[in-house]
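Here the structure is laid out as structure tokens; the discussion comes afterwards.
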Ligand code: GLU
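This is how it looks when you write it as structure tokens:
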């Protein structure tokens, strides 16, 4: 999980790209690079190591381009080195690509492309995409978006890809499959990024992209199509986090800041779920449900471990819990009259997303407990229960873990009361006790 940023607008791109990458640093990386949308040939710099290595290599003579793409890499194919860092270019240096994820069929593609005369510069899976796009762009009369649609049909794996070409440097084309990409809508400028924290300082208007959707941005246009080139009507949403949420705010670490935020953010979760009526939107007849399956990974799985005891106690429904990455590979994994609950902070956890798709293929209804509603999981789950704790940047989860537990407790109480498994009196006592948690923290 690393970072991708794209900017096209009226201002100098380099500052936006570096700042965007800095805000995505929390995702972890081993190298960083940028390509600026300069005419004739793109200006490309990339360095292994921290972002500061890239900044130091830029020197003073940075072209005044108003578009560009930036990347932080977490090496999967080829070690962390300057050469393997992204962007990767075609042989003319006119087209550049950045990529998060894995291209599973890259070696086959590489063999084909080398036999057509392309020479490779790196050991990455990504470079194949740069050469492939270059060929396809030529056969699509210079249309980068059409080339991207064709390229993606030939790719296997999970990826967010951005591409830029020096012939139309103000155009950036992106696509996503099982990996996140959001659009930031500005005034005379537009952004693409792995998550909103990269551009939250400049705009609060965003569009989340669906699976296999290809997006084209210029300073004044955002257009999204499916792989057949059919226009997709997108839904704009407002980012409710402010830019301070993605800053340390005087704390030495994000994790420390987020620990201190716990009482405050839990108040919001309580307001929505215990005092409010958020759970009314879950239209499930719990009397007809024999079992609940919880699927999650990492910390969210730990929430699931607690949930199993709480939900069984409060609802008297059998609860089964499984790590989503294992569940994906089971054959007879579904029961009748079962509900699936998935838990994920980002809503992008790939194994959880795939596990969710699998349960939906059995026709099960699904509930997703998420911190990011406009996410891949949020787009497909039947019911979303947002935990409302604001962005969690620290990799070790703190406030999101507590938020998940609070929602689970509220859900358990709600089901328990509806089923008559707990009395009104017990419901009220437990609700009152839970409401004391922020103070106790
Ligand atoms: N698979 C690509 C590489 O190794 C991209 C890794 C990433 O997600 O940064 O270069």
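Numbering (the working numbering), first residue to last: 618 to 1058.
Ideal placement from N, C-alpha and C gives every residue a C-beta, glycine not left out.
Counted within 10 angstroms of its Cβ, other Cβ atoms place residue i as buried (16 or more) or exposed
i	result
residue 1042	exposed
residue 592	As shown, the chain starts at 618 and ends at 1058. That puts residue 592 outside it, with no answer to give.
residue 673	exposed
residue 703	buried
residue 728	exposed
residue 954	exposed
residue 879	buried
residue 736	exposed
residue 664	buried
residue 869	exposed
residue 578	Shown here, the chain extends from 618 to 1058; a query on residue 578 therefore has no answer.
residue 725	exposed
residue 1058	exposed
residue 743	buried
residue 957	buried
residue 990	buried
residue 732	exposed
residue 1013	exposed
residue 676	exposed
residue 881	exposed
residue 1049	exposed
residue 745	buried
residue 718	buried
residue 1134	The question about residue 1134 has no answer here: the residues shown for the chain are numbered 618 through 1058.
residue 1040	exposed
residue 662	buried
residue 625	buried
residue 669	exposed
Among the options, the one whose alpha carbon lies nearest that of residue i
i	options	result
residue 637	778, 678, 689	689
residue 918	882, 961, 898, 880	961
residue 739	746, 695, 718, 886	695
residue 828	796, 939, 913	796
residue 1038	833, 920, 745, 931	931
residue 895	902, 669, 885, 903	885
residue 905	747, 686, 622, 982	982
residue 701	651, 679, 732	651
residue 720	684, 624, 1025, 772	772
residue 642	627, 733, 667	667
residue 912	901, 938, 1021	938
residue 686	646, 709, 632, 718	632
residue 1111	942, 881, 984	The requested residue 1111 is not part of the displayed model; the chain covers only 618 to 1058.
residue 916	992, 1019, 999	1019
residue 907	943, 1032, 844, 649	1032
residue 999	723, 941, 902, 977	977
residue 949	940, 924, 975, 925	975
residue 649	657, 925, 619	619
Sequence-distant residues of the same chain with beta carbon closer than 6 Å to residue i, five excluded per side
i	result
residue 862	1007, 1008
residue 682	630, 653, 654, 655
residue 848	842
residue 792	765, 769, 778, 831
residue 860	817, 818
residue 851	824, 841
residue 1027	890, 891
residue 623	686, 779, 789, 809
residue 723	742, 745
residue 1073	Missing from the structure shown is residue 1073; the chain here goes from 618 to 1058 and no further.
Other residues of its chain near residue i: CB distance less than 8 Å, five sequence neighbours each side excluded
i	result
residue 757	763, 764, 767
residue 929	935, 936
residue 1015	872, 875, 876, 879, 1009
residue 853	802, 822, 823, 824
residue 839	800, 802, 807, 824, 832, 833, 851
Integer Cβ distance of residue i from residue j, believed to fall under 8 Å
i	j	result
residue 1001	residue 969	Their Cβ separation, rounded to whole angstroms, is 13 Å, which puts residue 1001 and residue 969 out of contact at 8 Å.
residue 934	residue 909	6 Å
residue 775	residue 967	6 Å
residue 644	residue 806	With 8 Å as the limit, residue 644 and residue 806 do not qualify as a contact, their Cβ atoms being about 23 Å apart.
residue 659	residue 834	So it is not a contact: roughly 17 Å between Cβ atoms.
residue 951	residue 959	Their Cβ separation, rounded to whole angstroms, is 14 Å, which puts residue 951 and residue 959 out of contact at 8 Å.
residue 992	residue 965	5 Å
residue 1034	residue 1044	5 Å
residue 713	residue 747	7 Å
Same chain, Cβ closer than 7 Å to residue i, five either side skipped, listed in chain order
i	result
residue 1017	962, 988, 1004, 1006, 1009
residue 1029	927, 928, 931, 932
residue 1047	1030
residue 901	956, 982
residue 921	911, 913, 938, 960
residue 865	871, 874
residue 855	821, 822
Residue i: CB within 8 Å of a non-hydrogen atom of the ligand FAD
i	result
residue 742	This structure does not include the ligand FAD; its bound ligands are the ligand GLU.
Interface flag, residue i vs chain D, CB-CB below 9 Å
i	result
residue 856	Checking the listed chains, one finds no chain D in this structure; it contains a single protein chain.
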